[in-house]
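Below you'll find the structure, written out as structure tokens, and then a few comments.
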Amino acid sequence: MTFLLIASFPDSILHFRGPLLDALLARGLSVHVAAPGLVEGSEWHRSLRARGMTVHDIPLQRTGMNPLTDLQTLMALWRLMRRIAPDYVLAYTIKPVIYGSLAAKFAGVPQRYALITGLGYTFQGEGEQGRGLLRALAKRLYGLALRNVHKALFQNPDDESLFRRLGILPTGTPSFVVNGSGVDVAAYRVEPLPEAPRFLLIARLLGDKGVREYAAAARHIRSSHPAVVFALVGWIDENPDAIAQQELDSWLADGLVEYAGRLSDVRPAIAASSIYVLPSYREGTPRTVLEAMAMGRAVITTDAPGCRETVTDGDNGFLVPVKSVSGLAEAMQRFIDDPGLIERMGRRSRAIAENKYDVHKVNQSMLEQMGVV
């Protein structure tokens, strides 16, 4: 039996799907992985091959809607599937889901699955004309693709409900909600807390991740608590919603954040922090929150789809309104005023990570939903 995974980020494959792919290999399946940037000799190509997978570099532009380049992606995936004849195809993120699912239908793949890991830039920014046009096109293409899968997997119930309500997910297509991508609780172990409260945000530097709100809340807190540290890990993305370099430079010049750039291993950054913050406008299920929870960190995140599933307000952290700098700063202040909350909520985070988000439990659920036993 042959399993083909299609992705748009080569560096996300092992980080987010590595344990799932290992589980497939352990069950005796031949595992193929397709994504842009998997050229022979690249770090990702070598890593995947070393794990026992067959790797395919595909032409795919992650952003934009160019009909000619997207048609090239569709045809390349169709030719790949005709050649390797997979029994299963699983695609995740918007373009792999759309063009991978359509190619799988045209190629006659017996089992076709889509994993909706979040709605991203296109579905944010209600009322913005540019995004509205993209949203309308994405809805049509998503709907066309999801008519041709055997099951759609979602990472939170809000996204599943939205797709049903908008008619993107046809009534005849079954769906199921999984607990995000999961986290390896053995690899992300509890680390001692720093002596003073330290906040941390790990994200692509996008407006929709709440990075601006984080910087604004840091400015507010530091006006009365100048010693409090606000760490920022991430990179400026090619996404249209990306933070400009000049904006990041101004935060650094004002001393608002300590910027570490992009890290291949975020565990040292989490270990150096005491409270993890993600003021995102919408997520699938945020992996960085799960990693921080597994390492015993309290969490501040938004009462938004995907985020609200990870935190019980007042138990393992606080939920704040989306785009609310004052709400974010108030939650931060609560930890500064009552440091005992940090340890107590951190313990609860670890317990929730073990019980709900253990990657092996999540992957077992996914394999059962895809009929891989």
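Residue numbers (the numbering used here): 4 to 376.
The beta-carbon is built from N, C-alpha and C at its ideal position, and this holds for glycine as well.
{"Asked": "Backbone CA spacing between GLY299 and THR313 [nearest angstrom]", "Found": "13 Å"}
{"Asked": "Identified DSSP bridge partners for GLU261", "Found": "ALA234"}
{"Asked": "Outcome for GLN249 when other beta-carbon atoms lying within 10 angstroms are tallied against a minimum of 16", "Found": "exposed"}
{"Asked": "Endpoints, alpha helix (DSSP H) assigned at VAL362", "Found": "362-372"}
{"Asked": "Residue(s) in a DSSP beta bridge with GLN114", "Found": "TYR91"}
{"Asked": "Residues of its chain near ASP244, where Cβ-Cβ distance is below 7 Å and the 5 sequence neighbours each way are ignored", "Found": "TYR124, LEU209, GLY210, ASP211"}
{"Asked": "Residue range of the alpha helix (DSSP H) that includes SER329", "Found": "328-340"}
{"Asked": "ALA307 (DSSP reduced to helix, strand or coil)", "Found": "coil"}
{"Asked": "Run of the alpha helix (DSSP H) containing TYR162, from where it starts to where it stops", "Found": "Looking at the sequence provided, one finds Asp at residue 162 rather than Tyr. Start and end: 160-168."}
{"Asked": "C-beta contact flag for VAL232 and PHE202 at 8 Å", "Found": "yes"}
{"Asked": "Alpha-carbon to alpha-carbon, ARG82 and ASP306", "Found": "43 Å"}
{"Asked": "C-beta contact flag for ALA263 and ILE303 at 8 Å", "Found": "no"}
{"Asked": "Validate contact between the region 77-94 and the region 250-259 using beta carbons, cut 8 Å, 3 pairs", "Found": "no"}
{"Asked": "Residues bridged to ARG201 (per DSSP)", "Found": "VAL232"}
{"Asked": "Span of the beta strand (DSSP E) around ASP60", "Found": "57-60"}
{"Asked": "Simplified DSSP state of PRO13, which is helix, strand or coil", "Found": "coil"}
{"Asked": "TYR91 versus LYS108, GLY170, ILE101, residue with shortest Cα-Cα distance", "Found": "LYS108"}
{"Asked": "Helix, strand or coil at SER267 [DSSP, three-state]", "Found": "coil"}
{"Asked": "The region 88-104 touching the region 273-284, judged by at least three CB pairs closer than 8 Å", "Found": "no"}
{"Asked": "Rounded separation between VAL375 and GLU241 - CA only", "Found": "36 Å"}
{"Asked": "Three CB pairs or more closer than 8 Å across the region 336-346 and the region 193-200", "Found": "yes"}
{"Asked": "Euclidean distance between Cα positions of THR176 and LEU165", "Found": "14 Å"}
{"Asked": "MET296 beta carbon less than 8 Å from that of GLN114", "Found": "no"}
{"Asked": "Proximal residues to PRO160 (C-beta, below 7 Å), its chain only, five neighbours per side dropped", "Found": "VAL180"}
{"Asked": "Bounding residues of the beta strand (DSSP E) (the contiguous stretch that carries ILE3)", "Found": "Because the chain is modelled from 4 through 376, residue 3 falls outside the range shown and cannot be assessed."}
{"Asked": "Reference LEU17, options ILE9, LEU27, SER50, ARG285, closest by Cα", "Found": "SER50"}
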